[in-house]
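Residue numbers (the numbering used here), protein chains in the order written: chain E, 153 to 455; chain Z, 153 to 455; chain S, 153 to 455. We treat Cβ as the ideally placed atom computed from N, Cα and C, and that holds for glycine. Note that the coordinates shown come from a computational prediction; the quantities given were computed from them, not determined experimentally. See below for the structure under consideration.
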Amino acid sequence: MRDVISITDFERKDLEYLFEKTDYFLNNLDKKFRILEGKIVSLAFFEPSTRTRLSFETAAKKLGADVIGFSSAEGTSVEKGENFADTIKMLEAYSDLIVVRHRFEGAARFAAEVSEDPVINGGDGKQHHPTQAMIDLYTIYKLFGHIDGLRYAVVGDLRYGRAAASFIYGLALFRPSIIYLVSPPLLKARREVIEFLKSRGVRFEEREDLGEVISDVDVVYMTRVQKERFPDPSEYEKVKGSYRLDLKLLERASKDLKILHPLPKVDEIDLEIDKTSYAAYYKQAFYGVPLRMALLTLVLSGE
Amino acid sequence: MRDVISITDFERKDLEYLFEKTDYFLNNLDKKFRILEGKIVSLAFFEPSTRTRLSFETAAKKLGADVIGFSSAEGTSVEKGENFADTIKMLEAYSDLIVVRHRFEGAARFAAEVSEDPVINGGDGKQHHPTQAMIDLYTIYKLFGHIDGLRYAVVGDLRYGRAAASFIYGLALFRPSIIYLVSPPLLKARREVIEFLKSRGVRFEEREDLGEVISDVDVVYMTRVQKERFPDPSEYEKVKGSYRLDLKLLERASKDLKILHPLPKVDEIDLEIDKTSYAAYYKQAFYGVPLRMALLTLVLSGE
Amino acid sequence: MRDVISITDFERKDLEYLFEKTDYFLNNLDKKFRILEGKIVSLAFFEPSTRTRLSFETAAKKLGADVIGFSSAEGTSVEKGENFADTIKMLEAYSDLIVVRHRFEGAARFAAEVSEDPVINGGDGKQHHPTQAMIDLYTIYKLFGHIDGLRYAVVGDLRYGRAAASFIYGLALFRPSIIYLVSPPLLKARREVIEFLKSRGVRFEEREDLGEVISDVDVVYMTRVQKERFPDPSEYEKVKGSYRLDLKLLERASKDLKILHPLPKVDEIDLEIDKTSYAAYYKQAFYGVPLRMALLTLVLSGE
């Protein structure tokens, strides 16, 4: 582990090792560590984020590192016309590790080529958000004790949503029983994702209605279907009900069903669900800090 | 003390205990403490602030805590449509204490209900800014040795200004000789504030002209009267002179009069006054750090 | 050394002492120091900056200090109409040292008058950016072993660019062989700068074309010529080729020529140059942290 660019660069044994380390930090969350004392972590968030940024910041500080950076491109030298490579080289000069968030596909990998410091992808383009996928998989591992053999529905915008795509890539490193890819036709999973599933021999089905599969799954991974994705608003109106979870729909689900969501959510999950045992998304967010602590430790120790 | 939502939730003995602790930190301001080492303090400032935010941040860091958060709702998941409760739950997952600043009345109390971490109100709505009131009262305690028995004028926008309202609530926990509530008719103190004064048996008078009372008070608490509050600009022009302090007006005041102001001030206090012995507002700002150190310590130690 | 406002307030022996200290921190960049533990450094950036701000922040944190502040005037009390002196007094109350960046000439010196804490100018107005000049001079000292006796071209906007003006002031504290001031007529060095060079007996020539001097210099200090400076865009089109460095132009230069740039750069240096041995600007940026560590230590220890 040097750079963390895509979940597909890893194998299940890497992730299992990461989960072990995560367990350790989860059990010692109250402790202030000095493991990364003297290290500077740069957060280069060219695109806004709250959860990813603050959990990386919290993780770094809990390990004794200091944190610098920016939380949007506004007011930085990028606005003065500086090229991306120069901004990355500046951060490389000041720090020991760079977390990059960018709206362009490939930005993190390019940063890793430019920088001799390790680079972690904090989400770029429409497919890659590897640390989110690690957290998602860890959450399932904590809930069920294993990731293999479960039935999954990944729901919503599978075309532009990087969290959903990364989660699917991540599942394909394990042996899921089946993955239902549930989306409107316009927002189906990208060809690269589908090819990856096939190359790994993962069983999957593409569906359009969550209601059809809700009774057949152990995990629902929800993401938002944004109205703006639809060229014609009436198309959106037609499908939106199929991508919204409420208690009525859950009547047909297994009592042990768990709902994940990368958050923030808007209205794709009814608020009534928040307090039920179905809701695993707050726990999932909570795991962001210990998992990122484990990851920072592994990357900066060169393990 | 778990949550700090309104100054009215406290009694004078709580504040006196807080002042004692504040004295301790004031006398040891050069020291770096490790009392809160390993703790993370979240600053959730949905509404901008400089003084409150930076003094909380300074206080937390001087105690050895780390600080995360945001200084405006811009660029956060709130802009993506996340509900307030989910944002608070995220911060709860990452940190040990949350300071909330919000323009809506009741936001801090709601955050405290949602969060198992203690919540401190960094100012919400039009009435509550409890830590500012604590600093104001501490300043008077340091200047005069006591808060009881003094004559106060609270001046300016008593209707929309949360610092003024909280200060009046705070005075009512002690035994002031009298409080003059000096404001334009449109900006008079809210009914809740008046009721509280009555319920506590505090003597007060509502006035419209600072000049009428300036010679009869020991403390003037100035706040700004904003032009925007007046539906008719000519109404503002008529009254503005009555809510501006200059040396001429102070000729009629006691030589020992002290002027407080929650800051920032714009032009409601003539710049000539800044260097006189009347001006207590810079000292008041200075006390922000040791008082917030004391408060953070008490809240996080569960005392 | 108490305040650091202008490079002209220093003498070469001060800078040589600073360079010695910088060498020490450069050789110990991996270490976390506790020299400034318990100190708070304020970054008061009323005008955006990335490099200066982040390298001060990194330097302070590597020394064990804590950092507070703001990275633009937006969302601060300045926007509510607070005067500059009150903002500085607030930071003075919370911290031990203030770094000021402001677009107005003299802002840093005024801050130093208002504040009892030491103030470091992080760049104000059109002439002063003393810590940038220190880094520039240190870079030359590291590259050549000495600053005296070399031939310099300072290129670009010498009228409005504070980095270029400060670098020229800084060179005049040493004994350069010659300084070519290369700029379009509209962007020639200010009279104060010229007078300073004369008063120090420094040999210099004003030129308009970099090509004419490129073969006669050891160091080129590039800065950007901004189109917006020209009242008539066609004037800009006429001159822009003379203020752009590419490999073709460098064919006529000494093999040992070094190119400095305060960064960020836009297109005034061809990207092909970045990887050649001419390019000293990434190293220059890298020295920002150890030099500012040395400076913070000297200022806060009162040396």
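Please go through the same chain and pick out, in chain order, the residues whose beta-carbon is closer than 6 Å to the beta-carbon of residue i, but skip the five residues on each side of it.
i	result
Z:ASP276	HIS254, ALA259 and ALA260
Z:ASP161	none
S:ASP370	LEU302 and ARG303
Z:ARG396	GLU420
S:ASP398	ASP422
S:ALA446	LEU170, LYS173, THR174 and PHE177
Z:GLU209	VAL219
S:SER194	ILE220, GLY221, LEU243, SER247 and ILE250
E:TYR373	VAL306, PHE319 and LEU412
S:SER335	LEU310
Can you give the beta carbon distance from residue i to residue j, rounded, assuming they're within the 8 Å contact cut?
i	j	result
Z:ILE192	Z:ASP218	5 Å
E:TYR321	E:ALA285	7 Å
Z:LEU215	Z:ILE187	5 Å
Z:ARG376	Z:LEU338	Contact flag wrong, Cβ pair sits at about 14 Å.
Z:LEU448	Z:ALA212	6 Å
In three-state terms, what does DSSP make of residue i?
i	result
Z:GLU358	strand
Z:SER429	coil
E:SER224	coil
S:GLY393	helix
Z:ARG303	strand
S:SER194	strand
E:ILE187	coil
Z:ASP218	strand
E:ILE287	helix
S:ILE157	coil
S:TYR439	coil
S:VAL451	helix
S:GLU244	helix
Z:GLU209	helix
S:ALA259	helix
Z:VAL230	coil
E:ALA315	helix
Z:SER367	helix
Give me the DSSP bridge partner(s) of residue i.
i	result
S:LEU412	S:TYR373
Z:ARG253	Z:PHE197
S:VAL271	S:ILE250
E:HIS280	E:ASP276
Z:ILE292	Looking at the DSSP assignment, Z:ILE292 forms no beta bridge with any residue, so it has no partner.
S:VAL334	S:VAL307 and S:ARG359
S:ILE421	S:LEU397
Given that a residue counts as buried once 16 or more other Cβ atoms are within 10 Å of its Cβ, and exposed if not, what is residue i?
i	result
S:THR428	exposed
S:ARG314	buried
S:ASP248	buried
E:PHE256	exposed
Z:ASN273	buried
S:LYS298	Note on identity: in this sequence residue 298 of chain S is His, with Lys being the wrong assignment. Per the 10 Å Cβ criterion, exposed.
E:ASP238	buried
S:GLU163	exposed
S:LYS505	In the structure displayed, chain S extends from 153 to 455; residue 505 of chain S sits before or after that span and is not available.
E:LEU181	exposed
S:GLY227	buried
Z:GLU168	exposed
S:ARG203	buried
Z:PRO139	As displayed, chain Z neither begins before 153 nor continues past 455, which places residue 139 of chain Z out of reach and without an answer.
Keeping to the same chain, check which residues put their C-beta closer than 8 Å to that of residue i; ignore five residues upstream and five downstream.
i	result
S:LYS241	VAL266 and SER267
S:LYS340	LEU310, ARG311, LEU333 and GLU358
S:SER367	ARG404, ALA405 and SER406
E:LYS184	LYS214 and GLY216
Considering only residues of the same chain and omitting the five flanking positions on each side of residue i, which have a CB-CB separation below 7 Å?
i	result
E:ILE287	GLN436, TYR439, GLY440 and LEU443
Z:SER223	PHE197, PRO200 and ARG205
Z:LEU295	LYS410 and ALA432
Z:GLU234	none
### Task
With 7 Å as the C-beta to C-beta threshold (strictly closer), list the residues of the region 172-200 of chain Z near chain B in chain order.
Absent from the structure: chain B. Protein chains present are E, Z and S.
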